[in-house]
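Participant: Numbering-wise, the sequence shown is residues 97 to 225 according to our numbering.
Cβ atoms here follow ideal geometry from the backbone N, Cα and C, with glycine treated the same way.
Quantities reported herein were computed from a predicted structural model and do not represent experimental measurements.
This is the structure I want to talk about, given as structure tokens.
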Amino acid sequence: MSNPTEEYVAGLVNCIGRFTFYTTYRKGVKLKTPAFLVSIPASNKYILEVIVATLDLKERIYTHKNIQSDHVSREKRCILIIRKYGSLRKIIDFSYKYLLPEKILEMESWLAEIDTGTNVVDRFKTLAQ
Numbered sequence: 097m098s099n100p101t102e103e104y105v106a107g108l109v110n111c112i113g114r115f116t117f118y119t120t121y122r123k124g125v126k127l128k129t130p131a132f133l134v135s136i137p138a139s140n141k142y143i144l145e146v147i148v149a150t151l152d153l154k155e156r157i158y159t160h161k162n163i164q165s166d167h168v169s170r171e172k173r174c175i176l177i178i179r180k181y182g183s184l185r186k187i188i189d190f191s192y193k194y195l196l197p198e199k200i201l202e203m204e205s206w207l208a209e210i211d212t213g214t215n216v217v218d219r220f221k222t223l224a225q
């Protein structure tokens, strides 16, 4: 695919992206790190490459086996996890410009949790401002 438009990427983000938190522990304290996550079948890895290229992100795309407890063979999955402050800022700015109202509400709820939530890593508090 050559030169996808930002509208195309916005459609992908609306459908398959989600705002979330990753939990880590430091000195016995549970900390939440804001993240934006996209997970798709490995056969569609090019979609994540389009998102990374269009938004000029530095994150890697990871490929994992899709393991379930029922022992059914499933296709590998590609995962893009955006946790760097600068990249999250790009996603937020992009979201306000292109995303559908439902996704913006999801993002604003996530930002409110960053701002008021307990145990959110301090350096990410300014994302909500």
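In whole angstroms, what is the alpha-carbon distance linking residue 194 and residue 137?
Facilitator: 25 Å
Participant: Rounded to the nearest angstrom, what separates residue 154 and residue 121 at their Cα positions?
Facilitator: 25 Å
Participant: So the alpha helix (DSSP H) residue 113 belongs to, where does it begin and stop?
Facilitator: Not the alpha helix (DSSP H): residue 113 falls in the beta strand (DSSP E), residues 113 to 122.
Participant: Let me check one thing: in DSSP terms, what residues is residue 135 bridge-paired to?
Facilitator: 175
Participant: Within the chosen definition, does the stretch 140 to 150 reach the stretch 117 to 132 through at least 3 CB pairs nearer than 8 Å?
Facilitator: no
Participant: The beta strand (DSSP E) that contains residue 157, what's its start and end?
Facilitator: 157 to 160
Participant: Start and end of the alpha helix (DSSP H) containing residue 210?
Facilitator: Run containing residue 210: 197 to 212, per the alpha helix (DSSP H) assignment.
Participant: Where does residue 105 fall in DSSP's three states?
Facilitator: helix
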